[in-house]
Amino acid sequence: MIKAIIVDDETRGRMALRNKLEVHCPTVEVVGEAGGGVEAITMINRLNPTLVFLDIEMPQMNGFEMLEKLQEKEFYLIFTTAYNQYAIKAIRYAAFDYLLKPVDIEELKTAVDKVEKNIHQKLKARLDLLRENLLLPEKKMKRLAVSTLEGILFIEINNITHLEASSNYTLIYLADKTKITASKTLKDFGDILPSDIFHRVHNSYIVNLNYIKRYIRGDGGQIELTDGTLIEVSRRYKDDFIAKMS
């Protein structure tokens, strides 16, 4: 069983999440509920949970402040929030899961399934990245946490030359010729990578504009990257790509 604690200042929010977990996630046992950050710190230290559902927006001490005050962070973390705001992008950059309220049952089941598969992943490195990104404007975020079949990798965004769709996975190509298989779709990366640097040129490709050597004209055309890689440009994305480059 996965021992879980729910941290949320709203009683109805805690009750709704507990009920959904009881009905739809039988491997999760809710061992405690906290209505604020101070109470949550005491509860986490006492109960040593495997999983914490953490509300971001709470009075007196929000979720991020609570994490800063915790000394031991040996649990899996899922953020919950009613606000689809900038902090969400910082959370996704650090490869954390989050649930928008009201919590969707299928999204909850997917998040819990990830916990079961990645139960031994440590928090510290991703929390450090989250803290770093929260202090930066959105377009200045430099590092990305990438979930792979082996674990979490941290990569410099500027080292990514292009990304390629591979079914429900994404192949990430780096300037040093490294290829990473990420456990997210190309659309997921398209949603979070800075649009002033990364551009969708095909259903299967996103390119880093800084690595483009030349554009070869054609029906849709081709892009040649600085390392010699050729990437197809689809007719659907051609006009937008040309406008972006000009």
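Residue numbers (my numbering): 7 to 252. For each residue, glycine too, the CB sits at the ideal point set by N, CA and C. Computed from a predicted model, the values in this text were never measured in an experiment.
Residues sharing a beta bridge with residue i, DSSP
i	result
Asp253	Lying outside 7 to 252, the shown extent of the chain, residue 253 is not represented and no answer is given.
Lys185	Tyr179
Val34	Ile8
Arg206	Ile212
Leu169	Ile178 and Ile212
Glu39	Ile12
Ile218	Leu231
Three-state class that DSSP yields for residue i in the structure shown
i	result
Asn68	coil
Arg223	coil
Ala46	helix
Asp103	strand
Val29	helix
Glu138	helix
Glu74	helix
Asn54	coil
Lys146	helix
Ile79	In the sequence under discussion, the amino acid at residue 79 is Lys, which differs from the Ile named in the question. Note: Lys79 maps to coil in three-state DSSP.
Buried or exposed (CB count within 10 angstroms, at least 16 for buried), residue i
i	result
Ile248	exposed
Glu39	buried
Asp182	exposed
Leu141	exposed
Asn164	exposed
His30	exposed
Met64	buried
Gly69	buried
Gly43	buried
Arg18	exposed
Ala10	buried
Asn216	exposed
Met7	exposed
Asp225	exposed
Beta strand (DSSP E) segment containing residue i, residue limits
i	result
Ala151	Arg149 to Ser153
Ile198	From DSSP, Ile198 is part of no beta strand (DSSP E) but of the alpha helix (DSSP H) over Leu192 to Ile198.
Glu156	Premise fails: Glu156 is in no beta strand (DSSP E) and is neither H nor E.
Ile3	Outside the shown range of the chain, which is 7 to 252, sits residue 3, and nothing can be said about it.
Glu238	Leu236 to Glu238
For residue i, the nearest candidate out of the options (CA to CA)
i	options	result
His168	Gly157, Ser153 and Lys219	Lys219
Arg20	Leu150, Leu60, Met251 and Leu53	Leu60
Asn54	Thr187, Tyr82 and Glu71	Tyr82
Asp103	Leu27, Ala151 and Lys26	Ala151
Arg241	Thr116, Val207, Val213 and Lys9	Val207
Ile97	Ile222, Ile237 and Leu199	Leu199
Met251	Gly226, Ile237 and Asp202	Asp202
Leu76	Gly224, Met49 and Val118	Met49
Glu28	Lys148, Val118, Phe195 and Tyr211	Val118
Span of the alpha helix (DSSP H) around residue i
i	result
Glu113	Ile111 to Lys123
Ile248	Arg241 to Met251
Any chain C beta carbon closer than 9 Å to residue i
i	result
Met67	Of the protein chains in this structure there is only one, and it is not chain C.
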